[in-house]
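Visitor: Mind looking over this structure? Questions follow.
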Amino acid sequence: MNWQISAEGYTMTSFAITCCYLEQHDEIYKIFSEIGIQLLEDGIELIVVGNWTEPPDYPGFHAVVLPFLLSEQGRDYYNFYAASKLPMSIDADAEFAAIDQQWGPSAQGLEFNYFLQRAVAFWQTIFEILSPVAVLPWGVTAPVSRVMLRMAQIRQIPAYIIERGYLEDTVMLSASGQTALSPSTYAPDLVLKAKDLAYPKKDWERIKTYYSIKESDRYQQNNILISEDRLHQFANLNGPVFLYIGSNDRGSGLSFHHHALGEKNSPAFESSKEALEEVCVCLKRVYPDCTLIYKPHPATKFEIEADDLTIINASDVKLTQLIDYADVVINLSSGSQFHTILQEKPLVTLANSFLTGRSVAYEVHTLDDIETQLSLAVTRTGLEERLARGRALMVQLYDRYLYGTKPTTPTRLFTSDITEVIKRYKNYVPKKDQKFVNNIDEFRAFLDGSYSKNSWKYREDYLNSIIQIGHEERDELRRTNQNLREEADRLFEEQKQYAVQKATLSEEIEVLKRSLAESDGEHDARIQDLHTQRSTLESQLVLLNETLAAENDLAAERIRQADQNVAVAQAESAKLAADIEDLARQKAAEKEKLADEIDQLTKQHTGELAKLAEEIGELTKQHIVEITTLKQGFHDTLAEVNGRLMQTLEKYKELEQHAKNTDHILDMYRLGSPTQYAIWGTLRSKRP
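So in the numbering used here, spot 308 of the sequence shown is number 309, and the numbers just go up one at a time.
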């Protein structure tokens with residue numbers, strides 16, 4: 002143990018105490034280191050309690066190794082005396098016993114309870130010595146966390162539960178509890194309604210971008226990419242594909258069933274395996290051809306098989322990659338639920354969580370809800386509005402309730418703000434005197450292993466504590482004796498009153514007996530009539546019961562047939578929805594193919610049009626030349642014809658003149674001798 006402040010400096014030193022039973026290499030200890038370093042600047046030392054084999058080697062806090070179970074702590078430190086007797090509530094012993102039995106063997110009996118009491122005495126002494134300014138237990142399900150919270154509650158010490166945020170690189174504080182009692186669940190201003198769907202888009206994009214490139218550093222050995230030899234298995238999954246993400250049963254409080262440990266997690270299930278088995282029963286009935294992928298939590302591993310159902314155990318596969326393959330995600334309660342909002346997948350919840358009651362997930366509260374909510378998730382009913390609510394919720398969480406553990410985390414608050422919360426209570430601690438310094442020296446010696454339980458000082462203090470406890474017990478017995486005497490006197494007075502009442506009642510009974518004897522005859526006749534009526538009514542009742550039984554059987558048969566019809570209708574509806582989706586994809590593919598063909602034909606037609614235009618141009622030129630040639634030929638022919646016509650006309654004129662001359666000669670012959678007239682006729686007939 003490396004104490005950096007001297008004994009003289011303890012009068013100026015305060016302490017904050019926390020516990021964490023995660024492995025020594027977990028990232029949470031880096032966060033404790035940062036918080037502790039900042040607290041030291043204000044004179045507050047941070048003490049972290051755990052059960053590591055080798056304590057985490059980080060600056061800024063003192064690592065104190067203690068057993069995980071309270072009974073084991075009491076066994077190791079049973080001689081540790083308590084300076085005073087704290088007024089524990091009536092449920093405290095039951096709570097400590099239940100939490101110890103939940104995590105360890107189911108121990109009982111006098112020895113177990115004795116060591117629990119010694120562990121409580123040990124922690125009373127620790128709190129009296131350190132007088133911590135604040136308590137920061139990691140979660141509320143570990144035994145030491147419960148003791149710290151009880152001690153802080155009794156001593157009026159500020160206590161905050163610290164736990165992982167919903168996604169990587171975040172933590173959160175709560176004054177009430179984890180999971181169902183975390184700020185994101187019970188804060189009134191985060192109960193989202195329809196009018197709250199608006200949110201700053203740039204804030205959402207900042208969150209989404211951060212986690213789209215962020216590689217998960219939680220449970221790295223169980224969060225690796227799908228190997229090449231398994232890719233074919235995930236590439237050919239039968240639909241719909243359901244992904245079941247397991248929870249940390251004890252770490253989340255899911256498996257806690259004792260009344261002293263709370264009953265706020267799941268009203269229907271007590272383990273991740275039990276919930277998955279019920280999901281399998283429903284899937285075999287409604288979606289027998291589906292594929293179920295399940296990823297158990299590393300802290301709650303299990304195997305499951307189901308006949309007639311395709312099941313894949315993906316315990317070591319990267320979570321975000323599995324969500325990509327899934328059509329529907331199923332979970333009890335874990336931070337993985339927010340990945341479904343980032344990756345826009347429908348989520349079915351089987352337990353109370355930070356999303357309960359906000360219409361973000363498809364919520365299951367009883368066994369009868371499973372089939373209905375799975376069907377709604379498969380058909381994505383109202384999914385867009387649910388995702389919008391989820392995005393609005395995440396934006397508010399990252400703005401108000403989550404603390405970033407890295408400078409680039411998209412939160413408004415960071416771990417440095419946690420230290421500011423603790424520093425506020427520095428002056429709440431009582432004034433530190435020399436007794437406080439001596440106690441700190443003893444505690445330091447105890448932690449360093451040099452404290453001797455056989456020292457004279459220890460024996461003296463131990464005897465004084467026993468004597469003090471004896472005096473307290475004697476005074477308690479005296480008070481109890483006085484109370485018993487007062488109770489006895491009260492009972493004696495009540496006994497006298499009861500004797501008087503008894504005598505009065507005896508007289509009234511005698512009067513009633515005499516009155517009864519006088520009316521026996523009437524009563525016998527009346528009783529006989531009543532017996533007759535009873536027999537008649539019994540016969541009618543038997544007949545009515547038989548009729549009701551027949552009607553009940555008929556109604557049950559109708560209900561069974563109706564259930565079968567509903568199941569068939571739901572199956573047909575789901576199949577029809579799948580067929581419609583397939584047809585839509587087919588039509589989209591055909592439309593895309595047709596568009597490509599139209600583009601190709603358009604390009605081809607454009608080329609052909611250009612070529613045709615070019616050919617038309619050439620033909621036009623040739624046509625013009627031919628027309629010009631024909632026109633010239635026509636004019637030449639016309640001129641030639643006109644020339645010939647003129648020649649013919651000239652010749653005709655000559656012939657006509659010749660004819661006139663001939664007619665004159667013929668007339669002369671006609672008027673002459675018959676011989677001349679014959680010559681004229683011959684010439685006349687030969688006239689053209």
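Note that beta-carbon positions come from the ideal geometry of N, C-alpha and C, so glycine has one too.
Please read these numbers as outputs of a predicted model, since none were measured by experiment.
Taking 7 Å as the threshold (C-beta atoms), are Ala307 and Cys281 in contact?
Guide: Numbered from 1 along the sequence shown, position 280 holds the residue referred to as residue 281. Numbered from 1 along the sequence shown, position 306 holds the residue referred to as residue 307. Contact flag set, yes.
Visitor: Under the three-state reduction of DSSP, which class applies to His366: helix, strand or coil?
Guide: Along the sequence shown, read from residue 1 onward, the residue named residue 366 stands at position 365. Coil.
Visitor: Tell me the rounded alpha-carbon separation between Glu24 and Pro56.
Guide: Within the sequence shown, numbered from 1, the residue matching residue 24 stands at position 23. Within the sequence shown, numbered from 1, the residue matching residue 56 stands at position 55. Whole-angstrom Cα-Cα distance: 9 Å.
Visitor: Please say whether Ala120 and Tyr426 have beta carbons closer to each other than 7 Å?
Guide: By 1-based counting over the sequence shown, the position of residue 426 is 425. By 1-based counting over the sequence shown, the position of residue 120 is 119. Against a cut-off of 7 Å, the Cβ pair of Ala120 and Tyr426 comes out as no contact.
Visitor: Quick one: using the 10 Å Cβ neighbour count with 16 as the cut-off for buried, is Lys654 buried or exposed?
Guide: Counting from one through the sequence shown, the residue named residue 654 turns up at place 653. Classification of Lys654: exposed, given that the 10 Å Cβ count is below 16.
Visitor: For the ligand SAM, I want to know if Leu293 counts as a neighbour, meaning its beta carbon is within less than 6 Å of at least one of the ligand's heavy atoms.
Guide: The ligand SAM is not part of the structure shown, which contains no ligands of any sort.
Visitor: Can you tell me whether Lys144 is buried or exposed, with buried defined as 16 or more other CB within 10 angstroms of its CB?
Guide: Residue mapping note: residue 144 aligns to position 143 of the sequence shown, counting from 1. The question names Lys, but residue 144 in the sequence shown is Pro. Per the 10 Å Cβ criterion, buried.
Visitor: Do the stretch 322-340 and the stretch 241-249 meet, that is, are 3 or more Cβ pairs less than 8 Å apart?
Guide: The answer is yes - the stretch 241-249 touches the stretch 322-340, with three or more Cβ pairs under 8 Å.
Visitor: Going by the DSSP bridge assignment, what does Leu348 pair with across the sheet?
Guide: Here residue 348 refers to the residue found at position 347 of the sequence shown. Leu348 is bridged to Val330.
Visitor: What would DSSP say about Leu47, mapped onto helix, strand or coil?
Guide: Indexing the sequence shown from 1 puts residue 47 at position 46. Correct three-state label for Leu47: strand.
Visitor: How would you call Phe270, buried or exposed, if buried means at least 16 neighbouring beta carbons within 10 angstroms?
Guide: Numbered from 1 along the sequence shown, position 269 holds the residue referred to as residue 270. So Phe270 counts as buried.
Visitor: Rounded to a whole number of angstroms, what is the C-alpha to C-alpha distance between Asn52 and Leu356?
Guide: On the sequence shown, residue 52 is found 51 positions in, with the first residue counted as 1. On the sequence shown, residue 356 is found 355 positions in, with the first residue counted as 1. Taking the straight line joining both Cα atoms gives about 33 Å.
Visitor: Please report the straight-line C-alpha distance between Leu650 and Val626, rounded to a whole angstrom.
Guide: Translated into the one-based positions of the sequence shown, residue 650 becomes position 649. Translated into the one-based positions of the sequence shown, residue 626 becomes position 625. One C-alpha to the other measures close to 35 Å.
Visitor: May I have the straight-line CA-CA distance separating Arg559 from Gln102, to the nearest angstrom?
Guide: As a first step, residue 559 is located in the sequence shown; it is residue number 558 there, counting from the start. As a first step, residue 102 is located in the sequence shown; it is residue number 101 there, counting from the start. When rounded, the distance between both Cα atoms is 49 Å.
Visitor: Is it true that the CB of Tyr211 sits closer than 7 Å to the CB of Pro411?
Guide: Locating residue 411 in the sequence shown gives position 410, where the first residue counts as 1. Locating residue 211 in the sequence shown gives position 210, where the first residue counts as 1. Closer than 7 Å, so yes.
Visitor: In this structure, does DSSP put Glu164 in helix, strand or coil?
Guide: As a working mapping, residue 164 is identified with position 163 in the sequence shown. Reduced to three states, the DSSP call for Glu164 is strand.
Visitor: Which residue comes first and which comes last in the beta strand (DSSP E) that contains His63?
Guide: Taking the sequence shown and counting its residues from 1, one reaches residue 63 at position 62. Looking at the DSSP string, the run of the beta strand (DSSP E) that includes His63 is 62-66.
Visitor: Looking at Val379 and Ala327, is the spacing between their C-beta atoms short of 7 Å?
Guide: The residue labelled residue 327 in the question sits at position 326 within the sequence shown. The residue labelled residue 379 in the question sits at position 378 within the sequence shown. No, these two residues do not count as a Cβ contact at 7 Å.
Visitor: For Lys274, I'd like the list of residues in its chain whose CB is within less than 7 Å of its CB, leaving aside the five on either flank, ordered along the chain.
Guide: Position 273 of the sequence shown holds residue 274. So the list reads Phe303, Ile305, once near-sequence residues are dropped.
Visitor: How is Ile313 classed by DSSP in three states: helix, strand or coil?
Guide: Start at 1 with the first residue of the sequence shown, and residue 313 comes out as number 312. In this structure, Ile313 counts as strand in the three-state DSSP scheme.
Visitor: Which residue wins for smallest C-alpha separation from Val422, given the options Ile36, His624, His26, Lys31?
Guide: Locating residue 422 in the sequence shown gives position 421, where the first residue counts as 1. If we check each option's Cα against that of Val422, Ile36 comes out closest.
Visitor: Using CA atoms only, rank isn't needed, just tell me which of Arg561, Asp370, Leu293, Thr301 is closest to Leu255.
Guide: The count along the sequence shown starts at 1 and reaches residue 255 at position 254. The residue with the shortest Cα to Cα distance from Leu255 is Thr301.
Visitor: Tell me which residue opens and which closes the alpha helix (DSSP H) that Phe257 is part of.
Guide: For the purposes of this step, residue 257 is identified with residue 256 of the sequence shown, where counting begins at 1. Neither: Phe257 is in no alpha helix (DSSP H) and is coded neither H nor E.
Visitor: When the distance is taken between beta carbons, is Val65 closer than 7 Å to Ile38?
Guide: As a position in the sequence shown, residue 38 is number 37, starting the count at 1. As a position in the sequence shown, residue 65 is number 64, starting the count at 1. Contact: no.
Visitor: Assuming Phe97 and Arg156 are in contact, meaning their beta carbons sit under 8 Å apart, how far apart are those beta carbons, in whole angstroms?
Guide: Residue 97 sits at position 96 when you count from the first residue of the sequence shown. Residue 156 sits at position 155 when you count from the first residue of the sequence shown. Going by Cβ atoms, the distance from Phe97 to Arg156 rounds to 17 Å, so no, they are not a contact pair.
Visitor: Would you identify the three-state DSSP class for Ser456, choosing helix, strand or coil?
Guide: Numbered from its first residue, the sequence shown carries residue 456 at position 455. Bear in mind that a pLDDT of 49 at Ser456, under 50, signals an unreliable position, so the model cannot answer this.
Visitor: Could you please give the first and the last residue of the uninterrupted beta strand (DSSP E) stretch that includes Thr292?
Guide: Residue mapping note: residue 292 aligns to position 291 of the sequence shown, counting from 1. Segment 292-296, the beta strand (DSSP E) holding Thr292.
Visitor: Any idea if Ala568 is buried or exposed, counting beta-carbon neighbours within 10 angstroms, 16 or more meaning buried?
Guide: Position 567 of the sequence shown, counting from 1, holds the residue named residue 568. Ala568 comes out exposed.
Visitor: Looking at the structure shown, is Thr380 part of a helix, part of a strand, or coil, going by DSSP?
Guide: The residue labelled residue 380 in the question sits at position 379 within the sequence shown. DSSP places Thr380 in coil when its eight states are reduced to three.
Visitor: Which residue comes first and which comes last in the alpha helix (DSSP H) that contains Cys21?
Guide: For this step, residue 21 is matched to residue 20 along the sequence shown. Cys21 -> no alpha helix (DSSP H), and no H or E assigned at all.
Visitor: Quick check: what's the CA-CA separation for Ile100 versus Leu168?
Guide: For the purposes of this step, residue 100 is taken as the residue at position 99 of the sequence shown. For the purposes of this step, residue 168 is taken as the residue at position 167 of the sequence shown. Straight-line Cα distance between these residues: approximately 28 Å.
Visitor: Does the Cβ of Met395 have 16 or more other Cβ atoms within 10 Å, making it buried, or fewer, making it exposed?
Guide: To locate residue 395, count along the sequence shown from 1; it is residue 394. So Met395 ends up on the buried side.
Visitor: With a threshold of 8 Å on Cβ separation, who are the neighbours of Ala17 within its own chain once the five nearest residues in sequence on each side are excluded?
Guide: Indexing the sequence shown from 1 puts residue 17 at position 16. Once the five neighbours on either side are set aside, the close Cβ partners of Ala17 are Leu40, Ile45, Glu46, Leu47, Ile48, Pro133, Val134, Ala135, Val136, Leu137, Ile423.
Visitor: Let's see if you can read the secondary structure: which residues bound the beta strand (DSSP E) around Val148?
Guide: Counting from one through the sequence shown, the residue named residue 148 turns up at place 147. Not the beta strand (DSSP E): Val148 falls in the alpha helix (DSSP H), residues 144-156.
Visitor: Using the three-state DSSP reduction, which class does Ile305 fall into: helix, strand or coil?
Guide: Here residue 305 is taken as the residue at index 304 of the sequence shown, counted from 1. Looking at Ile305 - three-state DSSP - the assignment turns out to be coil, as it is neither helix nor strand.
Visitor: Within its chain, find whatever has a CB closer than 7 Å to the CB of Arg392; leave out the 5 residues flanking it on each side and keep chain order.
Guide: Walking along the sequence shown from the start, residue 392 turns up at place 391. Cβ within range, chain order: Tyr200, Trp205, Ile342.
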